[in-house]
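Numbering (this note's numbering), first residue to last: 12 to 236.
Just below is one structure, and these are the notes that go with it.
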């Protein structure tokens, strides 16, 4: 289970923290294939037992954005790619597809809980293994479902295009200069345009505190590479 970082103060703010570009926040967290599998499993069960992969991955993104801003880390710790249909947690996508890229342990664990259907969807095989989640992880996933679970998958993908972490790659994607681009967790701390759900509002001070914590995690991860 991940460590729950101290809850940050709530407040509305349109201030944007301009962090140093020398900090690498693209992948400062450790990916948990068990959390990814159970997040997908949870969402399928919330949807009645089966869910389209595109919709599930966008809901994972919103849960991660919320948890990062509120508690200082994402739920899954995945590497995000900006793609045509929005942010994609890349390793979680492999699990949803039971991809050939999965290792033996990942595949064995994932297929015990989810199985692909036709038409790019997957189904739940058994109940969620709740013990892999912290209380705040469960809160974030439930929040994402409550806020966005009613939205159709392509509308949800279109909605993610309004968020700055995808928006910064929009021109290159639309010009087909790239088909995917690594996203930076630093950008998850920026706010979307007014009227869009920020996934937990931040004061300038809270935003700086989260950024500092992410920077420390990035330094730690780099020291072990």
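Beta carbons are placed, not taken as given, at the ideal position from N, Cα and C, and that holds for glycine.
Name the two residues that bound the continuous beta strand (DSSP E) containing residue i.
i, result
"residue 152", "Counting along the chain, residue 152 falls outside any beta strand (DSSP E), though it belongs to the alpha helix (DSSP H) covering 146–159."
"residue 132", "132–135"
Among all the DSSP beta bridges, which residues are the ones paired with residue i?
i, result
"residue 91", "100"
"residue 61", "134"
"residue 192", "93"
"residue 126", "134"
Quick check on residue i: buried or exposed, where buried means 16 or more other Cβ atoms within 10 Å of its Cβ?
i, result
"residue 83", "buried"
"residue 138", "exposed"
"residue 33", "Confidence at residue 33 is low in this model, with a pLDDT of 36, below 50, so its placement is unreliable and the value that follows should be read with caution. Burial call: exposed."
"residue 217", "buried"
"residue 165", "exposed"
"residue 102", "buried"
"residue 204", "exposed"
"residue 201", "buried"
"residue 46", "buried"
"residue 117", "buried"
"residue 115", "exposed"
"residue 104", "buried"
"residue 89", "buried"
Quick one, are the C-beta atoms of residue i and residue j less than 8 Å apart?
i, j, result
"residue 62", "residue 132", "yes"
"residue 48", "residue 109", "no"
"residue 194", "residue 91", "yes"
"residue 170", "residue 162", "yes"
"residue 107", "residue 113", "no"
"residue 50", "residue 74", "yes"
"residue 70", "residue 159", "yes"
"residue 64", "residue 167", "no"
Please name the residue in the options whose C-alpha comes closest to that of residue i.
i, options, result
"residue 155", "194, 136, 77 and 126", "77"
"residue 146", "70, 214, 81 and 42", "81"
"residue 176", "196, 141 and 149", "196"
"residue 222", "66, 199 and 160", "199"
"residue 43", "225, 67, 185 and 148", "148"
"residue 128", "60, 225, 230 and 211", "60"
"residue 58", "143, 219 and 157", "157"
"residue 85", "184, 144, 65 and 56", "144"
Taking residue i as part of the alpha helix (DSSP H), name the residues at either end of that continuous run.
i, result
"residue 118", "115–122"
"residue 214", "Where residue 214 is concerned, there is no enclosing alpha helix (DSSP H), given that its DSSP letter is neither H nor E."
"residue 166", "164–171"
"residue 176", "175–178"
"residue 182", "181–185"
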